[in-house]
Amino acid sequence: MKILVLGANGMIGSTMIRVFSEIEDWDVAGTVRSDRARLLFPVSVAGKLVSGVELSNPDSLPRLFREVKPDVVVNCAGLTKHLPAGNDPMQAMTMNAMLPRRLSEICGIDGTRLIHVSTDCVFSGRKGNYSEDDPPDAEDVYGRSKHMGEVTGPNIVTLRTSTIGHELGTCHGLLEWFLAQSECKGYRRAIFSGLPTVVFARVVRDIVIPNEALSGLYHVGARPIDKDSLLRLIARAYGRNTTIVPDDEVSIDRSLNVDRFAAATGYRAPEWPELIETMRAYH
Numbered sequence: 001m002k003i004l005v006l007g008a009n010g011m012i013g014s015t016m017i018r019v020f021s022e023i024e025d026w027d028v029a030g031t032v033r034s035d036r037a038r039l040l041f042p043v044s045v046a047g048k049l050v051s052g053v054e055l056s057n058p059d060s061l062p063r064l065f066r067e068v069k070p071d072v073v074v075n076c077a078g079l080t081k082h083l084p085a086g087n088d089p090m091q092a093m094t095m096n097a098m099l100p101r102r103l104s105e106i107c108g109i110d111g112t113r114l115i116h117v118s119t120d121c122v123f124s125g126r127k128g129n130y131s132e133d134d135p136p137d138a139e140d141v142y143g144r145s146k147h148m149g150e151v152t153g154p155n156i157v158t159l160r161t162s163t164i165g166h167e168l169g170t171c172h173g174l175l176e177w178f179l180a181q182s183e184c185k186g187y188r189r190a191i192f193s194g195l196p197t198v199v200f201a202r203v204v205r206d207i208v209i210p211n212e213a214l215s216g217l218y219h220v221g222a223r224p225i226d227k228d229s230l231l232r233l234i235a236r237a238y239g240r241n242t243t244i245v246p247d248d249e250v251s252i253d254r255s256l257n258v259d260r261f262a263a264a265t266g267y268r269a270p271e272w273p274e275l276i277e278t279m280r281a282y283h
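The working numbering puts the first residue of the sequence shown at 1, with every later residue one more than the last.
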């Protein structure tokens, strides 16, 4: 089986291609913008990368599909809200909305299965325990652009989630940022229900891809946890003495209800201490 990971140098994509490469029977490829990205990967993975792919250019996709001939495409590409470009309407719409829609068209023509990664940020966070039937109500450019890129179809799976994990050469996400701090706030009213990237990648590898009949929109995540408790678990697992100051000023709950995915696949995430230890051990 030929698997193509788009956005292989991002936090999610870089973990996906490494986790997928553990399956000997899979022929895995991943896209990166430049050859320099190869230096960040193990040699065994670097050889699977296709460089010079500018996904914001729609003309690059047909050429890429002709070259790779994938059976399954996993779209991890996109602009995140941590970067200024993620809130620039033109750039966000191009990568977060137009790219997945173009992918769905090409995959439909070629008979290729598409697995698209979306986000809990399509929701405002005012309610929590969001199901797939709740209407997205994001008010920022990033959240709206991601919602507009949520594609559907008979051979398409869109997975809403949120992740923490180690990055390649950047410190934009929560984990790398926290590990660089000596003191920070712990938001007790900010609720998170995502997964470590390695756990999410294994769910896609071991559950989603083998289940060829699975299609539609699903929420994938763990039991909700507040950010203060999450950071304390990370500090303990990584042996850090970071001073975490409890804070109740920030209140946001984008937790996802994962019952639909559990009913379709039987998957329930482990508890958070095990998830954090899995993340640490994989790194």
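The beta carbon of each residue, even a glycine, is placed where N, CA and C say it ideally should be.
Could you give the DSSP three-state label for residue i: helix, strand or coil?
i    : result
L61  : helix
V50  : strand
R113 : strand
H219 : strand
C121 : helix
A29  : strand
K227 : helix
N96  : helix
I234 : helix
Residue range of the beta strand (DSSP E) that residue i falls in?
i    : result
R160 : 156 to 161
C171 : Run containing C171: none; DSSP gives neither H nor E here.
V19  : Element bounds for V19: not the beta strand (DSSP E) but the alpha helix (DSSP H), 11 to 20.
A190 : 183 to 192
S131 : Where S131 is concerned, there is no enclosing beta strand (DSSP E), given that its DSSP letter is neither H nor E.
S251 : 243 to 253
Near residue i, what residues of its chain come up, given a Cβ to Cβ distance below 8 Å and the 5 sequence neighbours on each side ignored?
i    : result
G221 : D120, T161, S162, S193, G194, L195, S255, L256, V258, A269
I321 : With the chain represented from 1 up to 283, any question about residue 321 goes unanswered, as that position is not in the structure.
V50  : A29, G30, T31, V32, L64, E67, V68
Return the chain-ordered list of same chain residues with a C-beta closer than 7 Å to the C-beta of residue i, the five sequence neighbours on each side being excluded.
i    : result
S104 : L114, V151, G153, I156
P100 : N75, H116, G149, V151
T158 : H116, S118, E150, V151, T152, L217
For residue i, count neighbouring Cβ atoms within 10 angstroms of its own Cβ and tell me buried if that reaches 16, exposed if not.
i    : result
K69  : exposed
P89  : exposed
K127 : exposed
T170 : exposed
N9   : buried
G47  : exposed
H147 : buried
G52  : exposed
S14  : buried
Could you spell out the range, first to last residue, of the alpha helix (DSSP H) harbouring residue i?
i    : result
I276 : 272 to 282
R202 : 197 to 203
G153 : It is not in any alpha helix (DSSP H) - G153 carries neither H nor E in the DSSP assignment.
F285 : There is no way to answer for residue 285, as the model of the chain reaches only from 1 to 283.
G326 : With the chain covering only 1 through 283, there is no way to say anything about residue 326.
Spatial neighbours of residue i within its chain, please: CB distance less than 6 Å, with the 5 preceding and 5 following residues excluded, ordered by chain position.
i    : result
E176 : E167
R144 : A138
R18  : V45
R205 : V19, F20
A235 : T242
V141 : N87, P89, A92
Is residue i a contact residue of the ligand SAH, with contact defined as CB to any heavy atom under 7 Å?
i    : result
V199 : Although the ligand SAH was asked about, the structure shown includes no ligands whatsoever.
Chain B beta carbons: is any one of them nearer than 8 Å to that of residue i?
i    : result
N241 : Absent from the structure is chain B; it holds one protein chain and no more.
Given 8 Å as the limit, is there contact between the region 210 to 225 and the region 269 to 279, that is, 3 or more CB pairs closer than that?
-> yes
Taking contact to mean at least 3 C-beta pairs separated by less than 8 Å, is the region 128 to 135 in contact with the region 71 to 87?
-> As far as the Cβ criterion goes, the region 128 to 135 does not touch the region 71 to 87, which means the pair count is below three.
Are three or more beta carbon pairs between the region 163 to 170 and the region 241 to 251 nearer than 8 Å?
-> no
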